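For reference, the structure is listed below as structure tokens.
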Amino acid sequence: MFFLFRHLRQLILGLISLTCCTCIGLSIPIQSSLLHRSGAVLLITAEVLILIHSVASAYHKQLIGKPQTVGWEITGILLLFPFAALLSLFILGVEIRANDNTILRAFLALQFLIIIQTILMASYGLGLILVTVATLFLFDSKVCARNIDSSPSPFPMCFLLSRLRTDSTISAQDLKVQHACLPGCCCAEKTTPELIQPSLNEHDLSMTSSAPGIPISGTSKSLPMALVRLPDEAQRRSSITLTFETA
433 MFFLFRHLRQ LILGLISLTC CTCIGLSIPI QSSLLHRSGA VLLITAEVLI
483 LIHSVASAYH KQLIGKPQTV GWEITGILLL FPFAALLSLF ILGVEIRAND
533 NTILRAFLAL QFLIIIQTIL MASYGLGLIL VTVATLFLFD SKVCARNIDS
583 SPSPFPMCFL LSRLRTDSTI SAQDLKVQHA CLPGCCCAEK TTPELIQPSL
633 NEHDLSMTSS APGIPISGTS KSLPMALVRL PDEAQRRSSI TLTFETA
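All you need for the working numbering is the position in the sequence shown, starting with 1, plus 432.
Written out as structure tokens, the structure reads:
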């Protein structure tokens, strides 16, 4: 991936925190123009809660001393999203009495920012849940207990996309399987099974090409180059247990 997941997460949480601070700042001058003063208290309280969650989630390890897990991240989003959705519905139905154009513009900006904030939370929460479910079934059954800011990311996107693409290709190839009969079969379908020729991988080709008297064309890799291979997304997240025995 061209970017790390933790960078995307910090960007989204930073945007949510910025919108919260802006909404709180806009709510203070327009609270006197609202028909119901309790609406301003509800608005500021909800924004403060969302701001606290965003800051605590972004700096969880610095504040608590423990890394933020994927499960707690999803739980926090699910708990706060209903408040953000209700706040969006509430701000659209609020009536304001003001003759000043500045107050009216501030109120329109407040409505716009609250709706954008709700869309950000919904998009982030939905995307996080979908990626977590895919990782849970295809790669790691304990992904909910992983550090969400770990490197490499607990969500191997390249591996998940390749698995989904491979599964779809295999399912499409299964539909094209033909019935094959061995010689001497008396059934109606007479399809001679194709002979499968063994194919050599790059390592076998390198070993064969290095042998005297056996020229192999079509390969230019040497044996050291064939033995060096970078780990894929799954292997980078695999752990190896090393034990030392004392005599």
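Just so it is clear, CB atoms sit at the ideal spot from N, CA and C, and this is done for glycine as well. Nothing here was measured: the structure is a model prediction, and the numbers come from that model.
Collapsed DSSP secondary structure at residue i in the structure displayed
| i | result |
| --- | --- |
| Phe437 | helix |
| Val531 | The sequence shown places Asn at residue 531, not Val. Note: Asn531 maps to coil in three-state DSSP. |
| Thr507 | helix |
| Leu466 | strand |
| Thr501 | strand |
Exposure of residue i, with buried meaning 16 or more beta-carbon neighbours within 10 Å
| i | result |
| --- | --- |
| Arg597 | exposed |
| Glu677 | exposed |
| Glu626 | In this prediction, Glu626 scores a pLDDT of 49, lower than 50, which makes its location untrustworthy; no coordinate-derived value is stated. |
| His439 | exposed |
| Phe544 | exposed |
| Val563 | buried |
| Thr534 | exposed |
| Thr675 | exposed |
| His492 | buried |
| Thr550 | buried |
| His485 | buried |
| Gly650 | Unreliable positioning characterises Gly650 in this predicted model, as indicated by a pLDDT of 47, which lies under 50. A coordinate reading is not provided. |
Residue of the options minimising C-alpha distance to residue i
| i | options | result |
| --- | --- | --- |
| Ser459 | Thr477, Gly446, Ser594, Asp572 | Thr477 |
| Asn531 | Gly446, Thr451, Leu466 | Leu466 |
| Phe571 | Phe587, Ile456, Asp581 | Phe587 |
| Ile561 | Ile509, Ala538, Lys498, Leu436 | Ile509 |
| Ser594 | Thr567, Ile580, Ser582 | Thr567 |
| Leu480 | Ala554, Val526, Cys453, Phe544 | According to the sequence shown, residue 480 is Val rather than Leu. Nearest option by C-alpha distance: Cys453. |
| Gly446 | Val473, Gly457, Ser470, Leu483 | Leu483 |
| Gly497 | Ser583, Met589, Thr675, Asn579 | Asn579 |
| Cys455 | His468, Ser464, Ser573, Ala472 | Ala472 |
Anticipated Cβ contact below 8 Å, residue i with residue j, distance rounded
| i | j | result |
| --- | --- | --- |
| Ser520 | Val487 | Contact doesn't hold; Cβ gap of about 21 Å is too wide. |
| Leu518 | Ile462 | About 19 Å; that fails the 8 Å criterion. |
| Thr451 | Ile523 | At roughly 13 Å, the Cβ-Cβ gap does not stay under 8 Å, so Thr451 and Ile523 are not in contact. |
CB of residue i within 8 Å of CB of residue j, strictly
| i | j | result |
| --- | --- | --- |
| Ala490 | Gln442 | yes |
| Met690 | Phe513 | Absent from the structure is residue 690, since the part of the chain shown begins at 433 and ends at 679. |
| Leu436 | Ser585 | yes |
| Cys576 | Val502 | yes |
| Gln500 | Asp581 | yes |
| Ile528 | Phe539 | yes |
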